[in-house]
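Below is one structure, written out as structure tokens, with a few remarks after it.
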Amino acid sequence: MKILVTITEARSVDTIFEIDGLDIDDRYLSSDLNEWDAYALEEAVRRTEDEGGEVVAVTIGPEGVEGTIRQTLAKGADRAIRVWDEQLAALDLLDPLTKAAVLGAVVDAERPDLVFTGVQSGDDAFGATPIALASTLGWAWGTVVNDLRLEASVAHVHRELEGNLEELTDVERPAVLSIQTGINEPRHASLRDVTEAQQADIAVRDLADLGLGGDALTSSIDQTALYEPEREGEATIYEGSPEETAAELATVIEETGVMQ
Amino acid sequence: MTVLVVAEHRRGELRDPSFEALTAGRELADATGGDLHVGVVGGDVERHAERLNREGVDLVHTVAHGEEFNHDVSTQAIAQLVEAVEPTVLLAPDTVNGLDYLPAVAERLDLPLVTDVIDLEYDEGLTVTRELYEGKVETTLSIDAPRAAITVRPGSWPQAEGTGDAEVDAFDATIDESAVRSTVTGFQEIGGEVDVAEADVLVAVGRGIESEDNLEIVRELADVLGATLAASRPVIDNGWLPADRQVGQSGKTVSPELYIAVGISGTAQHVSGVRAETFVAINDDPNAPIFDVADYGVVDDLFEVVPALTERLKRS
Ligand SMILES: Cc1cc2nc3c(=O)[nH]c(=O)nc-3n(C[C@H](O)[C@H](O)[C@H](O)COP(=O)(O)OP(=O)(O)OC[C@H]3O[C@@H](n4cnc5c(N)ncnc54)[C@H](O)[C@@H]3O)c2cc1C
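From first to last, the protein sequence lines stand for chains A and B. Count the first sequence with the working numbering and you get residues 1244 to 1503, in order. Count the second sequence with the working numbering and you get residues 12 to 327, in order.
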């Protein structure tokens, strides 16, 4: 079985940061393997460990994301593909439909049996790429999957809905499945795996390699502003030593009358 | 222009985010003197249509097909409805199911798609606001296209109320059954021994606690308060506390007298589950969005503040 796993390097903002135009300077950002993708990868690796096959990790991103992609190799992916070129770099915003078009071309080239993705990426949190990808491929899909049992022609999934409720769904294969955190326990890579992954080749593809020529990627969505949100709440923030702030909080708690 | 909102129902009942999306849709329609349509697929569509006839709704399209949500059916039905109605903006709730078909509709009809929108404006074109980086930063996006598909975050608009004078139109969608490749076979409720929804006082712990062993310090705080221990999702995912303790979108909605959030950043999926009379947050990041919803906060290391608070309360 061959499973393709889509991977994002997700960025998070440090405690202190500055916004410069439409960007936050790299020095205020940290990047890591997207939390949801770690579970998707683990789920894929477990399947091929059980049944044989191959896990191919695919990402869209500049050379700088290779450190993150190597993590997927260390954690059990057999191969990694990175898609990037000037046309992608020039895009203002990688929106879900654009990502789906690029990833769809990779799926066409790789012909996997299944695609696993994370439910969302922690940074831009669109949560829409897996479904858009399935739609471009004409494949079935199952989203927010927190339990999965595979049969030859069907995937039995539990989809996590709101309010402690799960939907039990049968999805025909081939399918794109978006994986929710908590479905498994992602492994830590051993030092040896990490070292080996440092040496591994990462295949780099541009849009032309994938048969996505010219103006295949146009987006009508433009980012016009980036700013720190105004604090809506009227939270009273206590300052001082831990003893002082704890005393203030204790007073608040006592005043609620919950401690009889 | 016309705005088309897609309503959502589950187990026979329309869900609240549907009525919030109606408010968002009405605001947009008003901005251009346009009409507000709403579509509902499946279930008891006539009863749904009556309830969806809220103030400001001009037309309800019902698609009678199936009882429960099926994303393949919704994708086909809504794509056909969009082609018939030609709305400028297609709006759906940003819920697990809203996100389960709208991207496919957008992909199929080549509509630009923006999800999890918290504000909308229409002035010669559509501008939307959304959050990035777990709510620490906001961004606005402008959409330069004749049509767009948008999901709106639950809790961002009030629910539409009152009764309107909408017409009801039974829309005749043609569902290609061979393209229905997923089947919902049932539902399962995740129960447990502890019902955090019942508790008057909750001490909720998040990823900031770092390890299972460290839970001891919040447990001690919960003990002096007679509180129930709850958690954000990563704590549950790590297996440090059982699933019945999870608060938020996929977990429980809680409404205690006092909620103390310890080392929780305050993502929408967490805080959407909290309606506390008094909300206290302890977090070392002053930009954490939890401080938007808290009444009282301390920006400091939880490993210092929580033990100090426990000591203090023991003395009182
Ligand atoms: C479909 C879906 C459903 C979801 N449902 C839920 C749900 O029901 N409930 C839920 O909670 N999440 C849910 N999530 C996950 C949600 O998106 C977040 O990932 C999660 O809420 C983050 O949890 P957290 O705040 O504990 O962790 P983080 O976001 O990592 O925040 C940890 C916080 O701790 C602070 N911190 C770290 N160290 C310290 C210290 N020493 N002292 C003080 N503060 C410290 C940090 O500054 C940070 O603000 C869902 C996600 C999806 C996609």
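Where a beta carbon is used, it is the ideal one built from N, C-alpha and C, also for glycine.
Chain C contact for residue i (CB, 9 Å cutoff)
{"i": "B:ASP187", "result": "Annotation note: the requested chain C is absent from the structure, which comprises protein chains A and B."}
Whole-number beta carbon distance between residue j and residue i, since they are thought to touch under 8 Å
{"i": "A:ALA1383", "j": "A:LEU1391", "result": "Not quite, the Cβ-Cβ distance comes to about 14 Å (not below 8 Å), so this is no contact."}
{"i": "B:ARG248", "j": "A:GLY1425", "result": "Here the sequence assigns Asp to residue 248 of chain B, which means Arg is not the residue at that position. Between A:GLY1425 and B:ASP248 the Cβ distance is about 4 Å, and since that is below 8 Å, they are a contact."}
{"i": "A:GLU1294", "j": "A:MET1244", "result": "6 Å"}
{"i": "A:THR1315", "j": "A:LEU1284", "result": "6 Å"}
{"i": "A:VAL1298", "j": "A:VAL1248", "result": "6 Å"}
{"i": "B:GLY175", "j": "B:GLU66", "result": "5 Å"}
{"i": "A:ILE1250", "j": "A:THR1302", "result": "4 Å"}
{"i": "B:LEU110", "j": "A:THR1386", "result": "7 Å"}
{"i": "B:LEU324", "j": "A:VAL1501", "result": "Not quite, the Cβ-Cβ distance comes to about 11 Å (not below 8 Å), so this is no contact."}
{"i": "A:SER1421", "j": "B:ALA115", "result": "Their Cβ separation, rounded to whole angstroms, is 13 Å, which puts A:SER1421 and B:ALA115 out of contact at 8 Å."}
{"i": "B:ALA40", "j": "B:LEU113", "result": "Wrong, their Cβ atoms sit about 19 Å apart, outside the cutoff."}
Cα-Cα separation, residue i to residue j
{"i": "A:ASP1268", "j": "A:THR1360", "result": "28 Å"}
{"i": "A:GLN1363", "j": "B:HIS48", "result": "30 Å"}
{"i": "B:ALA88", "j": "A:TYR1271", "result": "45 Å"}
{"i": "B:GLY173", "j": "A:GLY1381", "result": "42 Å"}
{"i": "B:ALA103", "j": "A:GLU1487", "result": "47 Å"}
{"i": "B:GLU315", "j": "A:ALA1489", "result": "9 Å"}
{"i": "A:GLY1347", "j": "A:ASP1356", "result": "13 Å"}
{"i": "B:ALA299", "j": "A:PRO1472", "result": "11 Å"}
{"i": "B:GLN170", "j": "B:VAL68", "result": "13 Å"}
{"i": "A:ASP1458", "j": "B:GLY262", "result": "43 Å"}
{"i": "B:GLU78", "j": "B:THR140", "result": "34 Å"}
{"i": "B:GLN260", "j": "B:ALA241", "result": "14 Å"}
{"i": "B:GLN199", "j": "B:GLU135", "result": "46 Å"}
{"i": "B:GLU61", "j": "B:VAL14", "result": "19 Å"}
{"i": "B:LEU6", "j": "B:THR150", "result": "No answer is possible for residue 6 of chain B: it lies beyond the span of chain B, which begins at 12 and ends at 327."}
{"i": "B:VAL214", "j": "A:ASN1277", "result": "28 Å"}
{"i": "A:GLU1498", "j": "A:LEU1411", "result": "46 Å"}
{"i": "B:SER243", "j": "B:SER266", "result": "15 Å"}
{"i": "B:GLU209", "j": "B:ARG119", "result": "44 Å"}
{"i": "A:SER1462", "j": "B:THR43", "result": "24 Å"}
{"i": "A:VAL1388", "j": "A:ILE1246", "result": "16 Å"}
{"i": "B:ASP224", "j": "B:VAL205", "result": "21 Å"}
{"i": "B:ARG21", "j": "B:GLU57", "result": "15 Å"}
{"i": "B:ALA35", "j": "B:VAL309", "result": "34 Å"}
{"i": "B:ALA181", "j": "B:HIS76", "result": "11 Å"}
{"i": "B:GLU97", "j": "A:ILE1464", "result": "20 Å"}
Range covered by the beta strand (DSSP E) that runs through residue i
{"i": "A:PHE1369", "result": "Looking at the DSSP string, A:PHE1369 is not in any beta strand (DSSP E), and its letter there is neither H nor E."}
{"i": "B:GLU142", "result": "137-143"}
{"i": "A:ILE1385", "result": "Looking at the sequence provided, one finds Gly at residue 1385 of chain A rather than Ile. 1383-1393 is the span of the beta strand (DSSP E), which, as asked, contains A:GLY1385."}
{"i": "B:ASP234", "result": "It is not in any beta strand (DSSP E) - B:ASP234 instead sits in the alpha helix (DSSP H) that spans 226-236."}
{"i": "B:GLN87", "result": "Note, B:GLN87: premise wrong, no beta strand (DSSP E); alpha helix (DSSP H) at 82-96."}
{"i": "A:THR1315", "result": "Note, A:THR1315: premise wrong, no beta strand (DSSP E); alpha helix (DSSP H) at 1309-1317."}
{"i": "A:ALA1253", "result": "1252-1256"}
{"i": "A:GLU1415", "result": "1408-1415"}
Residue range of the unbroken alpha helix (DSSP H) whose run includes residue i
{"i": "B:PHE30", "result": "27-42"}
{"i": "A:PRO1485", "result": "1485-1499"}
{"i": "B:VAL116", "result": "109-120"}
{"i": "A:GLU1278", "result": "1278-1294"}
{"i": "B:PRO245", "result": "244-248"}
{"i": "A:PRO1339", "result": "1339-1353"}
{"i": "B:HIS59", "result": "56-63"}
{"i": "B:PRO318", "result": "313-326"}
{"i": "B:PHE182", "result": "Taken as a continuous stretch (DSSP letters only), B:PHE182 belongs to no alpha helix (DSSP H), as it is neither H nor E."}
{"i": "A:VAL1437", "result": "1434-1442"}
{"i": "B:VAL282", "result": "279-282"}
{"i": "A:LEU1420", "result": "That residue, A:LEU1420, is in no alpha helix (DSSP H); its beta strand (DSSP E) goes 1418-1422."}
Is the segment 260-275 of chain B close to the segment 211-222 of chain B, with three or more CB pairs under 8 Å?
-> yes
Residues, ordered as in the chain, of the segment 145-169 of chain B that lie near chain A by beta-carbon distance below 7 Å = GLU145, LYS147, VAL148, GLU149, THR150, THR151, LEU152, SER153, ILE154, ASP155, ALA156
Would you list, in chain order, the members of the segment 1460-1489 of chain A that have their beta-carbon closer than 8 Å to a beta-carbon of chain B?
-> SER1462, SER1463, ILE1464, ASP1465, GLN1466, THR1467, ALA1468, LEU1469, TYR1470, GLU1471, PRO1472, ARG1474, GLU1475, GLY1476, GLU1477, ALA1478, THR1479, ILE1480, TYR1481, GLU1482, PRO1485, GLU1486, THR1488, ALA1489
Any residues in the segment 1325-1342 of chain A with a beta carbon nearer than 8 Å to a beta carbon of chain B? Which ones, in chain order?
-> LEU1336, ASP1338, PRO1339, LEU1340
Decide yes or no for the touch test of the segment 1315-1332 of chain A against the segment 1424-1437 of chain A: beta carbon pairs closer than 8 Å, at least 3 of them.
-> yes
Under 7 Å (Cβ pairs) to chain A, residues found in the segment 89-103 of chain B = none
Using a Cβ-Cβ cut-off of less than 9 Å, list which residues of the segment 1267-1282 of chain A approach chain B; keep chain order.
-> ILE1267, LEU1272, GLU1278, TYR1282
The segment 240-258 of chain B: positions lying closer than 9 Å to chain A by Cβ | ARG244, PRO245, ILE247, ASP248, ASN249, GLY250, ALA254, ASP255, GLN257
Looking at C-beta atoms only, is the number of pairs between the segment 1397-1417 of chain A and the segment 92-110 of chain B that lie closer than 8 Å three or more?
-> yes
What are the residues of the segment 1348-1375 of chain A that lie near chain B, defined by any Cβ-Cβ distance shorter than 7 Å?
-> GLY1365, ASP1366, ASP1367, ALA1368, PHE1369, GLY1370, ALA1371, ILE1374, ALA1375
Decide if the segment 148-162 of chain B is in contact with the segment 177-196 of chain B; the criterion is three or more beta carbon pairs, one per stretch, under 8 Å apart.
-> no
Please determine if the segment 221-235 of chain B and the segment 312-326 of chain B are in contact, where contact requires at least 3 C-beta pairs separated by less than 8 Å.
-> yes
Count the C-beta pairs between the segment 284-299 of chain B and the segment 1252-1264 of chain A that are closer than 8 Å, then say yes if the count reaches three, no if not.
-> yes
Would you say the segment 1321-1334 of chain A touches the segment 1298-1313 of chain A, given that touching needs at least three Cβ pairs under 8 Å?
-> yes
Between the segment 186-208 of chain B and chain A, which residues of the former have a C-beta closer than 7 Å to a C-beta of the latter?
-> ARG192, SER193, THR194, VAL195, THR196, GLY197, PHE198, GLN199, GLU200, ILE201
Mind listing which residues of the segment 112-136 of chain B have their C-beta closer than 9 Å to chain A's C-betas, in chain order?
-> TYR112, LEU113, PRO114, ALA115, VAL116, ALA117, GLU118, ARG119, ASP121, LEU122, PRO123, LEU124, VAL125, THR126, ASP127
At a Cβ cut of 8 Å, what residues of the segment 301-312 of chain B count as close to chain A, listed as they run along the chain?
-> PHE302, ASP303, VAL304, ALA305, ASP306, TYR307, GLY308, VAL309, VAL310, ASP311, ASP312
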